[in-house]
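In order, the protein sequence lines correspond to chains D and R. The first sequence finishes on residue 800 if you use this note's numbering, and the numbering steps up by one all the way, no holes. The second sequence finishes on residue 800 if you use this note's numbering, and the numbering steps up by one all the way, no holes. Just so you know, even glycine gets a beta-carbon here, dropped at the ideal spot from N, CA and C. Given the structure is predicted, the values throughout are model-derived calculations rather than measurements. Notes follow the structure.
Protein chains: 2
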Amino acid sequence: MRFLHTADWHIGKKLHGFDLAEEQIDAFEQVKKIALQQKVDAVVIAGDLYDRSLPSELAVEQLNQMIIELNLKLKKPILAISGNHDSATRLNTGHEWFKATQYYLSTNLVEALQPIEFEDTQFFLLPYFQPYQARNLFEDPTLVEVNTALKRIIKEMKMKFNPLKKHILVAHFFVAGSSKTDSETKIEVGGLNAVPAELLCDFDYVALGHLHNKDALKEEKIKYSGSLLKFSASEANLKKGVWIVDTDPFKCTFIPLIPLRDVVVLTNSYQELISPKTAKQIPRETYVAIKLTDKAIIPDVMNSLRNYYPRIISLERAYGREDNDAEKEDVNLNLDPMELLTNFFHEITDEELSSEQKKWAAESLGTLEKEADL
Amino acid sequence: MRFLHTADWHIGKKLHGFDLAEEQIDAFEQVKKIALQQKVDAVVIAGDLYDRSLPSELAVEQLNQMIIELNLKLKKPILAISGNHDSATRLNTGHEWFKATQYYLSTNLVEALQPIEFEDTQFFLLPYFQPYQARNLFEDPTLVEVNTALKRIIKEMKMKFNPLKKHILVAHFFVAGSSKTDSETKIEVGGLNAVPAELLCDFDYVALGHLHNKDALKEEKIKYSGSLLKFSASEANLKKGVWIVDTDPFKCTFIPLIPLRDVVVLTNSYQELISPKTAKQIPRETYVAIKLTDKAIIPDVMNSLRNYYPRIISLERAYGREDNDAEKEDVNLNLDPMELLTNFFHEITDEELSSEQKKWAAESLGTLEKEADL
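As structure tokens, then:
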């Protein structure tokens, strides 16, 4: 069979205060067209349908409408899971009715173990989960890390494998060795929660969500689809789109989307940026991350640049600024939460975290991050 | 046909900080049993399924489960509308799939005009609405008040009347002349939004939600079901339950529920209240609103009363307290928002609101109250 693999729609997301609703709808329309042109038998959405566990009414209406169009109007089966940004409970509303039209939505581990059967393919829909859910389900207190929990889950799935069919896993986690961007929530706290790719080798294809870069992982049959839109300046150079996957014979083709409004990084001097020649090259609607090469103080620089680039999403100095006082380094927030905590613990106690403390910390951080929907 | 009429479930509601989830589930179980025993052909829920437009995950799970049990497990058709406490958009999620199992949920005016057809009965499901929605739908700028808007809506409904069937309206508003309790949101701002009962005379029965007292209105065929639980001390003496309605020949029977934990008002002296004889008469789990007849200062009165009555929901002095300083009258918050605004305007400007200003104020307050979900 042939299916379309997408993920990380993040409906409701704002880009530095700019509402992305128009961009989201435009990208969705392109996905719809691709699904039709490519005559796919199903659409896989590998988590993070919403940007937050408490989506706005507008976001709810928008996602509801998209699912209605894809599933009820175009009659495309949908295979979806909840991601770390979704509230599994809220997303699950109506779930019992959805199967009737082949909208398969999985938000808990019990459902993950039951394959969705197509003529020649079995889909296992594994939502974003915490190890404690596996501990509870299997009544096994040793399932403390994502790895061991996943191993157990996959063992269970394999017992349901029909050898005459292909086996596809849809999941939402961080696979060890993947490269990251700035716009993903770090769920692989302290590295304990990264999944080794070897664990996934029994599937004919693994359709992943979570990372926003389609090339985050260099595996032939384990792929992130990436997001439909660029969600940060760090994604400016990424190609966004969807995978079209043929299961037999296996083939995986990337189909790019054309952004309604692109995200670009401009590294240049103030004088160059406000010259008509430079400014004209960038459509006014483009989201612009500016790295100023000047070191001098420029009065009211943000407002004057906005005259040329109305959608500035960030303004930095490529080489710092002359008044060094303003350059004081703050806590490095790019460290993952576990590193921050480890450093803080060391600063305060002058001791290192024990391995048991590390385990506790990792678990608590995992729970906190899920709850805070960071 | 025979149907059960209920409303104002307010799933997720707390009673002065006490979670009512257990009471809600218990009441629902009783409703289920009544639906089975009475062999009803459908269950009508006339709005305010949730207590707030942004229900907690727990509330979402609870209501989802109730609908699943009633509709999918017991196979009872459900006829439901959104009330002023519900987010129409959020409640609507999955709506397009629900019809397949006869779960009819109406959250907007367009749906209200399409009757739900049973063999011998037509149901019109009119959700809580604001006049602007009618103005937009009918492109008629004169529909400024609820009355005129409703008149127009009913005119439209009557064009769909099948003369061979009975006609039932399910709605959520304040009918003029109804008596109120303290736990309902005042949506009839300034009296402009009260609906005269005469407007509803063309229906064989009007199943209302909004007021929590089943006897709020003295009409044979226009009834509030009241809430399933007592939501304030002012409801302590009300009987809670559901109506069983036979359409032909018309008959309307009230079936009371037995509260898991009752709400009572105790008017008594401190010494009497802490006497074992008095305290023993009240089950410890009961929600108690206390009106102390003492006027003397009693140190730590709340905490010592809690030893006997752990679920105190309010503590007042029936006749005031000796230290009159503490009795200073605050703004009377029992006035409706329009009266408060009118008084405030007069205090500040020494003038009265013009009729046009009143109209604007009423409209703005209506919008605000809906948004703030007071």
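Shortest alpha-carbon distance to residue i belongs to which of the options?
i       : options                            : result
S525(D) : T533(D), F657(D), I504(D)          : Note that residue 525(D) is Lys in the sequence shown here, rather than Ser. When only C-alpha atoms are compared, the closest one is I504(D).
W523(R) : E495(D), L569(D), F600(D)          : E495(D)
S609(R) : D762(R), A787(R), L430(R)          : D762(R)
Q556(R) : D434(R), N573(R), E545(R)          : N573(R)
K666(D) : F680(D), T673(D), D674(D)          : F680(D)
R732(R) : E565(R), A705(R), A642(R), Q783(R) : A705(R)
D467(R) : G792(R), I708(R), I670(R)          : I670(R)
K721(R) : G746(R), A715(R), I739(R)          : G746(R)
K804(R) : K677(R), L655(R), S658(R), V621(R) : No answer is possible for residue 804(R): the residues shown for chain R start at 427 and end at 800.
Q488(R) : I471(D), Y735(D), T519(D)          : T519(D)
L625(R) : R578(R), L655(R), T611(R)          : R578(R)
T693(D) : I460(D), T719(D), L539(D)          : T719(D)
E545(D) : L441(D), V601(D), R428(D)          : R428(D)
I471(R) : P481(R), K606(R), A788(R), K649(R) : K649(R)
F564(D) : Y554(D), E789(D), D512(D), L539(D) : L539(D)
D726(R) : S604(R), V714(R), L741(R), P541(R) : L741(R)
A788(D) : Y558(D), G473(D), I739(D)          : Y558(D)
K796(R) : K465(R), A514(R), L462(R), I507(R) : A514(R)
T712(D) : Y696(D), I738(D), I723(D)          : I738(D)
F600(D) : N588(D), R478(D), T611(D)          : T611(D)
E368(D) : N562(D), F657(D), P675(D)          : What the structure shows of chain D is the stretch from 427 to 800, and residue 368(D) is not part of that stretch, so it cannot be assessed.
How would you write the range of the alpha helix (DSSP H) that residue i sits in, first residue to last?
i       : result
K577(D) : 572 to 584
S730(D) : 727 to 732
K774(D) : Note that residue 774(D) corresponds to Ile in the displayed sequence, not to Lys. Residues 763 to 775.
P702(R) : 702 to 706
R561(D) : 557 to 564
E698(D) : 696 to 699
What does residue i touch in chain R if you count any residue whose Cβ is under 7 angstroms from its own?
i       : result
A526(D) : W523, A526
V668(D) : Chain R residues near V668(D): none, gap ~24 angstroms exceeds 7 angstroms.
Within the continuous beta strand (DSSP E) that includes residue i, where are the two ends?
i       : result
Y735(R) : Element bounds for Y735(R): n/a, residue is neither H nor E.
L430(R) : 428 to 432
I724(R) : No beta strand (DSSP E) contains I724(R), which DSSP labels as neither H nor E.
K592(R) : 592 to 598
T547(R) : 547 to 551
For a contact meaning CB atoms closer than 9 angstroms, what does residue i contact in chain D?
i       : result
S513(R) : E483, V486
N510(R) : Within 9 angstroms Cβ-Cβ: nothing; N510(R) doesn't reach chain D, min ~15 angstroms.
What residues of chain R sit near residue i, judged by a beta carbon separation below 8 angstroms?
i       : result
R516(D) : E483, V486
Applying a beta-carbon distance threshold of less than 9 angstroms, which residues of chain R neighbour residue i?
i       : result
N490(D) : T515, N518, T519, G520, H521, E522
Can you pull the chain D neighbours of residue i, defined as C-beta to C-beta under 7 angstroms?
i       : result
L480(R) : L480
L498(R) : E522
Output, in chain order, the set of chain D residues within a Cβ distance shorter than 8 angstroms of residue i.
i       : result
I494(R) : E522
Does the region 525 to 535 of chain D come within contact of the region 493 to 512 of chain R, defined as at least 3 CB pairs closer than 8 angstroms?
Because the criterion of three Cβ pairs below 8 angstroms is not met, the region 525 to 535 of chain D and the region 493 to 512 of chain R do not touch.
Any chance the region 695 to 703 of chain R sits against the region 439 to 456 of chain R, with 3 or more Cβ pairs inside 8 angstroms?
Segments in contact, no.
Three Cβ pairs or more, each shorter than 8 angstroms: is that satisfied between the region 433 to 445 of chain R and the region 626 to 637 of chain R?
Because the criterion of three Cβ pairs below 8 angstroms is met, the region 433 to 445 of chain R and the region 626 to 637 of chain R touch.
Pairs of beta-carbons, one from the region 570 to 588 of chain D and one from the region 704 to 723 of chain D, closer than 8 angstroms: are there three or more?
For the pair of segments examined, the region 570 to 588 of chain D was found not to touch the region 704 to 723 of chain D: the number of CB pairs separated by less than 8 angstroms stays below three.
Enumerate, from N- to C-terminal direction, the unbroken beta strand (DSSP E) stretches of 3 or more residues contained entirely within the region 511 to 544 of chain R.
Counting whole runs of 3 or more residues, the region 511 to 544 of chain R contains the beta strand (DSSP E) stretches 529 to 532.
Across the region 624 to 634 of chain D and the region 657 to 665 of chain D, are there enough close Cβ pairs to call them in contact, namely three or more that are closer than 8 angstroms?
They do not touch, by the three-pair rule.
Which runs of the beta strand (DSSP E) spanning at least 3 residues fall entirely within the region 620 to 688 of chain R, listed in chain order?
Unbroken beta strand (DSSP E) stretches of 3 residues or longer found wholly inside the region 620 to 688 of chain R: 631 to 635, 648 to 650, 667 to 673, 676 to 682, given in chain order.
Spell out a yes or no on whether the region 591 to 602 of chain D and the region 541 to 550 of chain D are touching, meaning 3 or more CB-CB pairs, one atom from each, closer than 8 angstroms.
Using a Cβ-Cβ distance cut-off of 8 angstroms, the region 591 to 602 of chain D and the region 541 to 550 of chain D are in contact, since at least three pairs of beta carbons, one from each stretch, lie closer than that value.
Taking contact to mean at least 3 C-beta pairs separated by less than 8 angstroms, is the region 480 to 493 of chain D in contact with the region 562 to 572 of chain D?
In the pairwise beta carbon analysis, the region 480 to 493 of chain D is classified as not touching the region 562 to 572 of chain D: fewer than three pairs are separated by under 8 angstroms.
Contiguous beta strand (DSSP E) assignments of at least 3 residues, all confined to the region 453 to 514 of chain D:
Counting whole runs of 3 or more residues, the region 453 to 514 of chain D contains the beta strand (DSSP E) stretches 468 to 472, 504 to 507.
Touching by the beta-carbon criterion (3+ pairs, under 8 angstroms), the region 774 to 788 of chain D and the region 438 to 453 of chain R:
In short, these stretches do not touch, since the Cβ pair count stays below three.
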